[in-house]
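Trainee:
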Amino acid sequence: MSTIATPKQTGPSGATAGHPSGDKRFKILEVFIKRQQQRQDALIEVLHKAQELFGFLDDGLLYFVAQGLRLPPSRVYGVATFYHFFKLKPQGAHTCVVCMGTACYVKGANRIVEALEQAAGIKAGGTTADGGMSLLTARCIGACGIAPAVVYDDVVAPRQTPESALERVKGWLNHGAR
Amino acid sequence: MVLAELVEIKERERAAQKRVLITCCLAAGCMSSEARLVKEALDRAVKAAGLENDVEVRGVGCMKLCCEGPLVLIDPPGALYQKVRPADADSLVGTIRGGTTHVERGDLNSPFFTKQLAIVLENCGIVDPERIESYIARDGYVALRNVLRDMAPSEVVSEITKSGLRGRGGAGYPTGLKWATVAKTQSTKKYVICNADEGDPGAFMDRSVLESDPHRVLEGMIIAAYAVGADQGYIYVRAEYPLAIARLQTAIRQAKQHGLLGSGIFESPFHFNVEIRIGAGAFVCGEETALMASVEGRRGQPRPRPPYPAESGLFGQPTLINNVETFANVPPIIRNGAGWFAGIGTEKSKGTKVFALAGKVRNTGLIEVPMGMPLREIVEDMGGGAPDGGRIKAVQTGGPSGGCIPATHLDTPVDYESLTKLGSIMGSGGMIVMDERDNMVDVARFFMEFCMDESCGKCIPCRAGTVQMHELLRKILARQATVRDLATLEDLCDLVKHTSLCGLGQTAPNPVLSTLRFFRPEYLALLQPEPGKAADTPAPQPA
Chain A
1 MSTIATPKQT GPSGATAGHP SGDKRFKILE VFIKRQQQRQ DALIEVLHKA
51 QELFGFLDDG LLYFVAQGLR LPPSRVYGVA TFYHFFKLKP QGAHTCVVCM
101 GTACYVKGAN RIVEALEQAA GIKAGGTTAD GGMSLLTARC IGACGIAPAV
151 VYDDVVAPRQ TPESALERVK GWLNHGAR
Chain B
1001 MVLAELVEIK ERERAAQKRV LITCCLAAGC MSSEARLVKE ALDRAVKAAG
1051 LENDVEVRGV GCMKLCCEGP LVLIDPPGAL YQKVRPADAD SLVGTIRGGT
1101 THVERGDLNS PFFTKQLAIV LENCGIVDPE RIESYIARDG YVALRNVLRD
1151 MAPSEVVSEI TKSGLRGRGG AGYPTGLKWA TVAKTQSTKK YVICNADEGD
1201 PGAFMDRSVL ESDPHRVLEG MIIAAYAVGA DQGYIYVRAE YPLAIARLQT
1251 AIRQAKQHGL LGSGIFESPF HFNVEIRIGA GAFVCGEETA LMASVEGRRG
1301 QPRPRPPYPA ESGLFGQPTL INNVETFANV PPIIRNGAGW FAGIGTEKSK
1351 GTKVFALAGK VRNTGLIEVP MGMPLREIVE DMGGGAPDGG RIKAVQTGGP
1401 SGGCIPATHL DTPVDYESLT KLGSIMGSGG MIVMDERDNM VDVARFFMEF
1451 CMDESCGKCI PCRAGTVQMH ELLRKILARQ ATVRDLATLE DLCDLVKHTS
1501 LCGLGQTAPN PVLSTLRFFR PEYLALLQPE PGKAADTPAP QPA
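Residue numbers (the working numbering), protein chains in the order written: chain A, 1 to 178; chain B, 1001 to 1543.
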């Protein structure tokens, strides 16, 4: 699963200088870590930034963060796996997040999830084999007044039905990964 | 910043007011229905009509009736339009010159609006959340100025105590008492934390307040910091609320520019800074000790109390943690006096409460009502009852920590004590209406699944108990359970409730207990006869 090589130790201090892969995103992340003055309590902020840059957090990236903040890798891994928001696997080109909050649930969000699961051939939380779409559920996105809500690529759509959801993701399922 | 500057900004803002104000809701609900495009179309339409000098188009926070969004209000004449499309902009602007429009009109005189009493939401849908001047024009930061110039910290604490304000996060702990405890703890470093980790499914009050009036929350926090002697604050917001985070960031930047955050606020020796901490999707982080662990960059797991955060909290220092709505109540209390606030609500529950009304009800959205209003008035008069000819069966309050109040108890006044008596809780303010088509056992299973997923795994009763309870509920729903399983479920509820470490586990059984209390026949109807017993004789309840 690792797409990014584990960086080598660059010095006795454990400080990192960019990344051997030469990927510019590591440099950006490093600057961000420095801006937090390497404060260890900024770990969650740094992980947010890392996920924003890379889309997901794999082992090599977590190791890079651990070195940057001078934290044991176990601590970084522990935090990354604790919070639902952090993704440890690559996500699809598109994401479809069905809100499963109470208001959405009583208005039939589970039927939307079932319909999407069937159409995509995956379970909620999974990504289609071609990497075209990830199907996720959310605890509550706070859009209860317009339930049931579904978030397509970060855009919230109100009052969805299984039919409207299927219509919306049709293009993401048939054409593969762009 | 000094008072004269505050007054100047206010007067300048008032003087710049145009003849007609068009407000366009840009809160998350309406934004999902292309409200941003509506606002842009209105801007263009005003320009095209050559009315720039007479008409202001203002993007505002939540205008409350979310189900009919996007909402636009034209004042004068005070006409509310609903389900507005970008293409409607020209005809709407045309009405200012006496034209007509086919856009659906909303009724501002309906009970949904008239029964509201706005204290926390007084600026919501009126001020531009992205401009500090807009807040100052509505007497913003006056309370802070008065506090810093005329009141000692102890006087602020006693004012809040006298007001009778209680924590709006759910538990209802007296705010004044909490402040007093932090204030009297000796330490050179103290923190103030605003809990905006609104994790309850079905609740969006804090989100709306932050999106609509972020400066009010900041002002409340700064006053609190002065009262308890803190110099650093954190706002812990869910990552699921990007708009709220963006508006808070803007608000903090503006407050700094105007000298309302930082050092020497209002030319007093008092200094205070605020940082935003973004959550990462863990319900348990709403619990205060777990939240503090998360702010420190660790796994959000709770720890036993005492010591309470007031004595040893963030980084081991005395810490004041209050909810968004609690802080939002502070500036009006200081401005209008504790007596004014204490005159609203019931004997033990003062002031108002903001609710997120949703589910099987005609009018969904944001409401603020005085404490003590009967539930019936909220769901039937304001909410308009169940849609599509359905009948209201129950009202769920308090999310996964709360319970279902049956329709027969709709005359219950909404206050902390009455809801607790019914086995539910006030909670943070999510209110989900359910109708006859909702199976209460399934609702209980839904919440148990939530708690099972969200259990942090630190203490065994919660980690293992929620899994077992969920399995039993699933078994009951699959019609595979017997009366023995139901007894086990009840035993487990009792055990998890009394032995879990934090609020998540302690309240996880509530949805089961409350549905068992009021809807027991629904459980019994799903049970199988025990093997070896005659099918038609119901098995006796084991003692």
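Cβ coordinates follow ideal geometry from the N, Cα and C atoms, glycine included. Since we're looking at a predicted model, the values are computed, not measured.
When burial is assigned at 16 or more other CB atoms within 10 Å of the CB, is residue 1082(B) buried or exposed?
Mentor: Counting from one through the second sequence, the residue named residue 1082(B) turns up at place 82. The residue is buried, with at least 16 neighbouring Cβ atoms inside 10 Å.
Trainee: State the DSSP-derived secondary structure class of residue 1439(B), mapped to helix, strand or coil.
Mentor: On the second sequence, position 439 is the one that residue 1439(B) refers to. Coil.
Trainee: Taking residue 45(A) as the query, report the chain B residues whose CB atoms sit under 9 Å from its CB, ordered along the chain.
Mentor: Counting from one through the first sequence, the residue named residue 45(A) turns up at place 45. Result: 1277, 1278 and 1297.
Trainee: Quick check: what's the CA-CA separation for residue 1367(B) versus residue 1377(B)?
Mentor: Locating residue 1367(B) in the second sequence gives position 367, where the first residue counts as 1. Locating residue 1377(B) in the second sequence gives position 377, where the first residue counts as 1. Cα to Cα, residue 1367(B) sits roughly 12 Å from residue 1377(B).
Trainee: Using the beta-carbon count (16 or more within 10 Å), is residue 111(A) buried or exposed?
Mentor: As a working note, residue 111(A) is residue 111 in the first sequence. That one is exposed.
Trainee: Closer than 8 Å, CB to CB, is residue 1543(B) near chain A or not?
Mentor: Your numbering for residue 1543(B) matches position 543 in the second sequence. Confidence is the limiting factor: at residue 1543(B) the pLDDT is only 45, short of 50, which leaves the residue's position unreliable and the question unanswerable from this model.
Trainee: Can you list the residues of chain A that residue 1294(B) reaches, using a CB-CB cut of under 8 Å?
Mentor: To locate residue 1294(B), count along the second sequence from 1; it is residue 294. Going along chain A in sequence order, the residues near residue 1294(B) (Cβ under 8 Å) are 44.
Trainee: Thinking residue 1325(B) and residue 1302(B) are a contact (beta carbons under 8 Å), I'd like their distance in whole angstroms, please.
Mentor: On the second sequence, position 325 is the one that residue 1325(B) refers to. On the second sequence, position 302 is the one that residue 1302(B) refers to. Contact flag wrong, Cβ pair sits at about 22 Å.
Trainee: Do you know whose CA, among 1023(B), 1353(B) and 1031(B), lies nearest residue 1398(B)'s CA?
Mentor: Along the second sequence, read from residue 1 onward, the residue named residue 1398(B) stands at position 398. It is 1353(B).
Trainee: Whole-angstrom Cβ separation of residue 88(A) and residue 58(A), contact assumed at under 8 Å?
Mentor: Counting from 1 along the first sequence, the entry for residue 88(A) is found at position 88. Counting from 1 along the first sequence, the entry for residue 58(A) is found at position 58. Their Cβ separation, rounded to whole angstroms, is 7 Å, which keeps residue 88(A) and residue 58(A) in contact under 8 Å.
Trainee: Below 8 Å between beta carbons: does that hold for residue 1080(B) and residue 1182(B)?
Mentor: Residue numbering aside, residue 1080(B) sits at position 80 when the second sequence is read from its first letter. Residue numbering aside, residue 1182(B) sits at position 182 when the second sequence is read from its first letter. Cβ atoms of residue 1080(B) and residue 1182(B): not closer than 8 Å.
Trainee: So, at 8 Å on beta carbons, what are the nonlocal neighbours of residue 1224(B) in its own chain, with the 5 sequence-adjacent residues on each side left out?
Mentor: Here residue 1224(B) refers to the residue found at position 224 of the second sequence. 1179, 1192, 1230, 1320, 1322, 1327 and 1330.
Trainee: For residue 72(A), count neighbouring Cβ atoms within 10 angstroms of its own Cβ and tell me buried if that reaches 16, exposed if not.
Mentor: Translated into the one-based positions of the first sequence, residue 72(A) becomes position 72. Burial call: exposed.
Trainee: Compare the C-alpha of residue 1176(B) against each of 1129(B), 1164(B), 1169(B) and 1187(B) and name the closest.
Mentor: As a first step, residue 1176(B) is located in the second sequence; it is residue number 176 there, counting from the start. Considering only alpha carbons, the answer is 1164(B).
Trainee: For residue 1445(B), does the three-state DSSP call read helix, strand or coil?
Mentor: Numbered from its first residue, the second sequence carries residue 1445(B) at position 445. In the displayed model, residue 1445(B) falls within a helix according to three-state DSSP.
Trainee: Pull out every residue of the region 1187 to 1205 of chain B whose Cβ sits closer than 8 Å to any Cβ of chain A, in chain order.
Mentor: Per Cβ criterion, the list reads 1198, 1199, 1200, 1201, 1202, 1203 and 1204.
Trainee: Pair every Cβ in the region 1290 to 1300 of chain B with every Cβ in the region 1106 to 1126 of chain B, then say whether three or more of these pairs are closer than 8 Å.
Mentor: no
Trainee: So what does DSSP say about residue 1161(B), is it helix, strand or coil?
Mentor: Your numbering for residue 1161(B) matches position 161 in the second sequence. Here residue 1161(B) sits in helix by DSSP.
Trainee: For residue 1002(B) and residue 1452(B), what's the separation of their Cα atoms in angstroms?
Mentor: Within the second sequence, residue 1002(B) is the residue found at index 2, counting from 1. Within the second sequence, residue 1452(B) is the residue found at index 452, counting from 1. C-alpha separation (whole angstroms): 52 Å.
Trainee: Note down the Cα distance separating residue 1236(B) from residue 1125(B), rounded to an integer number of angstroms.
Mentor: For the purposes of this step, residue 1236(B) is taken as the residue at position 236 of the second sequence. For the purposes of this step, residue 1125(B) is taken as the residue at position 125 of the second sequence. Whole-angstrom Cα-Cα distance: 24 Å.
Trainee: Please list the residues of the region 1425 to 1440 of chain B that have a C-beta atom closer than 8 Å to any C-beta atom in chain A, keeping them in chain order.
Mentor: 1430, 1432, 1434 and 1438
Trainee: Take residue 1245(B) and list the residues in its own chain whose beta-carbon comes closer than 6 Å to its own, dropping the five residues that flank it on each side.
Mentor: Position 245 of the second sequence holds residue 1245(B). Closer than 6 Å at the Cβ level, and outside the excluded window around residue 1245(B), lie 1237.
Trainee: Cα separation between residue 1056(B) and residue 1305(B)?
Mentor: As a first step, residue 1056(B) must be located in the second sequence, where it is residue number 56. As a first step, residue 1305(B) must be located in the second sequence, where it is residue number 305. Near 52 Å, if we compare the C-alpha coordinates of residue 1305(B) and residue 1056(B).
Trainee: Identify the contact partners of residue 85(A) in chain B, using a Cβ-Cβ distance below 7 Å as the criterion.
Mentor: Within the first sequence, numbered from 1, the residue matching residue 85(A) stands at position 85. The CB of residue 85(A) comes closer than 7 Å to the CB of 1239, 1280 and 1281 in chain B, given here in chain order.
Trainee: Does residue 156(A) come within less than 8 Å of chain B when only Cβ atoms are used?
Mentor: Sequence index remark: in the first sequence, residue 156(A) carries index 156 (1-based). Among the residues facing chain B, residue 156(A) is included, as its CB has a counterpart in that chain under 8 Å away.
Trainee: Closer than 8 Å by beta-carbon distance: list the chain A residues that pair up with residue 1033(B), in chain order.
Mentor: Reading the second sequence from its first residue, position 33 is the one you call residue 1033(B). For residue 1033(B), the chain A residues whose C-beta falls within less than 8 Å of its own C-beta are 146 and 158, listed in chain order.
Trainee: For residue 1399(B), which three-state DSSP category applies?
Mentor: By 1-based counting over the second sequence, the position of residue 1399(B) is 399. Residue state, collapsed to three classes: helix.
Trainee: Between the Cα of residue 1098(B) and those of 1528(B), 1074(B), 1085(B) and 1106(B), spot the shortest distance and give me the residue it belongs to.
Mentor: The count along the second sequence starts at 1 and reaches residue 1098(B) at position 98. When only C-alpha atoms are compared, the closest one is 1074(B).
Trainee: Determine the DSSP secondary structure at residue 1126(B), reduced to helix, strand or coil.
Mentor: Counting from 1 along the second sequence, the entry for residue 1126(B) is found at position 126. Residue 1126(B): coil per DSSP, three-state reduction.
Trainee: Does DSSP put residue 84(A) in a helix, a strand or coil?
Mentor: One-based indexing of the first sequence puts residue 84(A) at position 84. It is coil, neither helix nor strand.
Trainee: So, does the CB of residue 1466(B) fall closer than 8 Å to a CB anywhere in chain A?
Mentor: Counting from one through the second sequence, the residue named residue 1466(B) turns up at place 466. No, residue 1466(B) lies away from the interface with chain A (no Cβ there is under 8 Å from its Cβ).
Trainee: Give the secondary structure of residue 104(A) by DSSP, where H, G and I count as helix, E and B as strand, and everything else as coil.
Mentor: Numbered from its first residue, the first sequence carries residue 104(A) at position 104. Correct three-state label for residue 104(A): helix.
Trainee: Can you list, in chain order, the residues of its chain with a C-beta nearer than 7 Å to that of residue 165(A)? Leave out the 5 residues immediately preceding and following it.
Mentor: By 1-based counting over the first sequence, the position of residue 165(A) is 165. These residues qualify, in order along the chain: 112, 115, 116 and 150.
Trainee: Less than 8 Å between CB atoms is the rule here; does residue 19(A) satisfy it with respect to chain B?
Mentor: Working through the first sequence from its first residue, we reach residue 19(A) at position 19. Not an interface residue.
Trainee: For a cutoff of 8 Å on Cβ pairs, would you count residue 58(A) as touching chain B?
Mentor: As a first step, residue 58(A) must be located in the first sequence, where it is residue number 58. For residue 58(A), the answer is no, since every Cβ of chain B falls outside 8 Å of its Cβ.
Trainee: Roughly how many whole angstroms lie between the Cα atoms of residue 1138(B) and residue 1155(B)?
Mentor: On the second sequence, position 138 is the one that residue 1138(B) refers to. On the second sequence, position 155 is the one that residue 1155(B) refers to. Distance between the alpha carbons of residue 1138(B) and residue 1155(B): 25 Å.
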